[in-house]
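For reference, the structure discussed in these notes is given below.
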Ligand code: ARG
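Residue numbers (the numbering used here): -13 to 451.
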């Protein structure tokens, strides 16, 4: 079957044909292209636009092709794309009647219909996989609502929390990544089929019917928009890029926390490498690569935004170049998602160390200031100044958090305000105890075990939706 036979007297050069063919990445839309042709042909028969017998022969051949699979197609790049390869297959099977299948249809509406169908499946799968990862995180969090952990700001010791509280931060980020995809899905789930080349057709086609047959929940309202728009692809790539950011951040923390200086977690051997020269090494290569690869989707997003920016309506061949970048962003992010899921679920937490860090380096100082405010009705700024001075004196004198007692607080308070505070030993101890600190943060979203349990319940409700 030669598409050029009417208009031209010869072929493209080999390099021009290879340069312009999308066959390689069209393999991804093979099933969608069969379904698209099937729905369109069925509708053409129903609306009596093409002879019933020819239409049925086409449908049978499409079934045969589906059974035989992609390898039944001649994927020579001289075909330009999979739509031509598929038509060639049907033509070889049933002869010139195959030509009826292209009535009132263009590759312009066909390709974006195929991409949308395939993307819908991709998004559905990713949503399932994100939810499964969140579920793993929730199970880990349930086991760790009392596991002390240290939280950072500026990557400096900040306040004690629990491992569960930190894990639930991941779960909430992933939930938003999931919800973004659910929202994007609505804009992918629209049928451009029937737009034909750009202005629809004079044939009395039924666009609602093809949309229904293909499982789209609505028909695109404007045929020029139908064939020209790829905002749905850019939006999906953004969602995957954002998801890869979440995964990259988790990986980044695994790299830091597993270093000898932190020693808070240990990666399982299955997700670690060693050095070719330093025999003692255990390197978190998989976490590093997840962090590194998480940038790939950003590049794809910029590429696609630039491609769709400078072109007029309606279909331009530039749009063909969008598609492989969409698939690459998705494949890359899915790979990272699977790997980070496996890596996090096999991570060991060094509870002795995280407990030690939670109480060290004056991480509980905020609570001491809060106690002063509550018990002595002093303004927070005054309390902040007293505790700030306690810490700086303690560092200078080589005193640790554990050595700070009522006398120490009184001595410094007198220097700062002229008055002792007389909090008493119990209040001082309580304020500086990391576990009590954690348990006092019962506010919604806080790190107290009860608050984290509530957040776990919210997440479980979302997972069931
Ligand atoms: N391979 C093309 C794409 O991906 C299909 C549409 C080609 N249309 C055309 N008029 N050449 O966009």
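C-beta: ideal position from N, C-alpha, C; glycine also.
(request) Flag residue -1 as yes when its Cβ comes closer than 7 Å to any non-hydrogen atom of the ligand ARG, and as no otherwise. (result) no
(request) Taking 8 Å as the cut-off, decide whether the C-beta atoms of residue 348 and residue 355 are in contact. (result) no
(request) Have a look at 27, 368, 413, 304 and flag the residue whose alpha-carbon is nearest the alpha-carbon of residue 350. (result) Per the Cα distances, 413.
(request) Identify whether residue 143 lies in helix, strand or coil by the three-state DSSP scheme. (result) Of the three classes helix, strand and coil, the one that applies to residue 143 here is strand, per DSSP.
(request) Measure the C-alpha to C-alpha separation of residue 491 and residue 146 and round it to an integer number of angstroms. (result) Nothing can be reported for residue 491, as the shown portion of the chain is limited to -13 through 451.
(request) Inspect the beta-carbon positions of residue 105 and residue 75 and report whether they are closer than 8 Å. (result) Going by C-beta atoms, residue 105 is not nearer than 8 Å to residue 75.
(request) Using a Cβ-Cβ cut-off of 8 Å, state whether residue 237 counts as contacting chain D. (result) Note that chain D does not occur in the displayed structure, where there is just one protein chain.
(request) Could you tell me which of 298, 293, 315 sits nearest to residue 282, measuring between CA atoms? (result) If we check each option's Cα against that of residue 282, 315 comes out closest.
(message) If the criterion is Cβ atoms closer than 8 Å, does the pair residue 164 and residue 235 meet it?
(response) No.
(message) Cutting at 7 Å between CB atoms, please list the residues of its own chain near residue 473, excluding the five before and the five after it.
(response) Nothing can be reported for residue 473: it is not among the residues displayed for the chain, which extend from -13 to 451.
(message) At a cut-off of 7 Å, would you count residue 142 as near the ligand ARG, judging by its Cβ distance to the nearest heavy atom?
(response) No; taking the cut-off as 7 Å, the Cβ of residue 142 has no heavy atom of the ligand ARG nearer than that.
(request) Note the first and the last residue of the continuous alpha helix (DSSP H) segment covering residue 444. (result) 435 to 450
(request) Please classify residue 272: does DSSP put it in a helix, a strand, or coil? (result) helix
(request) Return helix, strand or coil for residue 429, following the three-state DSSP convention. (result) coil
(request) Determine the extent of the alpha helix (DSSP H) in which residue 209 is found, giving its start and end residues. (result) 209 to 214
(message) Between the alpha carbons of residue 167 and residue 266, how many angstroms are there, rounded?
(response) 43 Å
(message) Let me make sure I understand the geometry here. Which of 230, 191, 360, 426 has the alpha-carbon closest to that of residue 34?
(response) 191
(message) Using a 10 Å radius around the Cβ and a threshold of 16 neighbouring Cβ atoms, would you call residue 82 buried or exposed?
(response) Exposed, because fewer than 16 other Cβ atoms sit within 10 Å of the Cβ of residue 82.
(request) Tell me whether residue 204 is buried or exposed, calling it buried when 16 or more other Cβ atoms sit within 10 Å of its Cβ. (result) exposed
(request) Could you give the DSSP three-state label for residue 176: helix, strand or coil? (result) In this structure, DSSP gives residue 176 an extended state, which the three-state scheme calls strand.
(message) Extract the residue ranges of the beta strand (DSSP E) inside the region 80 to 141, only unbroken runs of 3 or more that lie entirely within it.
(response) 134 to 139
(message) Short of 6 Å in beta carbon distance, which residues of its chain neighbour residue 343, apart from the five on each side in sequence? Order them along the chain.
(response) Cβ neighbours of residue 343 beyond the five flanking positions: 136.
(request) Consider the C-beta atom of residue 309 and the heavy atoms of the ligand ARG; say whether any pair is separated by less than 7 Å. (result) Answer for residue 309: yes, Cβ within range of the ligand ARG.
(request) Throw me the rounded Cβ distance for the residue 68 and residue 12 pair, which I believe falls under 8 Å. (result) 4 Å
(request) Could you tell me whether any non-hydrogen atom of the ligand ARG is closer than 7 Å to the CB of residue 303? (result) yes
(message) In whole angstroms, give me the CA-to-CA distance for residue 457 and residue 444.
(response) No answer is possible for residue 457: the residues shown for the chain start at -13 and end at 451.
(request) Run the proximity test for residue 115: is its beta-carbon closer than 7 Å to any non-hydrogen atom belonging to the ligand ARG? (result) no
(request) Determine contact between the region 24 to 31 and the region 178 to 191, defined as no fewer than three beta-carbon pairs at a distance below 8 Å. (result) yes
(message) If contact is defined by three or more beta carbon pairs under 8 Å, each pair taking one atom from either stretch, is the region 83 to 93 in contact with the region 36 to 43?
(response) yes
(request) Flag this pair as yes or no: are the beta carbons of residue 346 and residue 358 separated by less than 8 Å? (result) no
(request) Please determine, among -3, 169, 132, the residue with the shortest C-alpha to C-alpha distance to residue 152. (result) 132
(request) Could you tell me which residues DSSP puts in a beta bridge with residue 9? (result) Answer is none; residue 9 lacks a bridge partner.
(message) Measuring straight from C-alpha to C-alpha, what distance separates residue 228 and residue 402?
(response) 48 Å
(request) Assign residue 467 to buried or exposed, taking buried as 16 or more other Cβ atoms, counted over all protein chains shown, within 10 Å of its Cβ. (result) Not covered by the structure: residue 467. The range shown for the chain is -13 to 451.
(message) So, at 6 Å on beta carbons, what are the nonlocal neighbours of residue 181 in its own chain, with the 5 sequence-adjacent residues on each side left out?
(response) 95, 209, 212, 213
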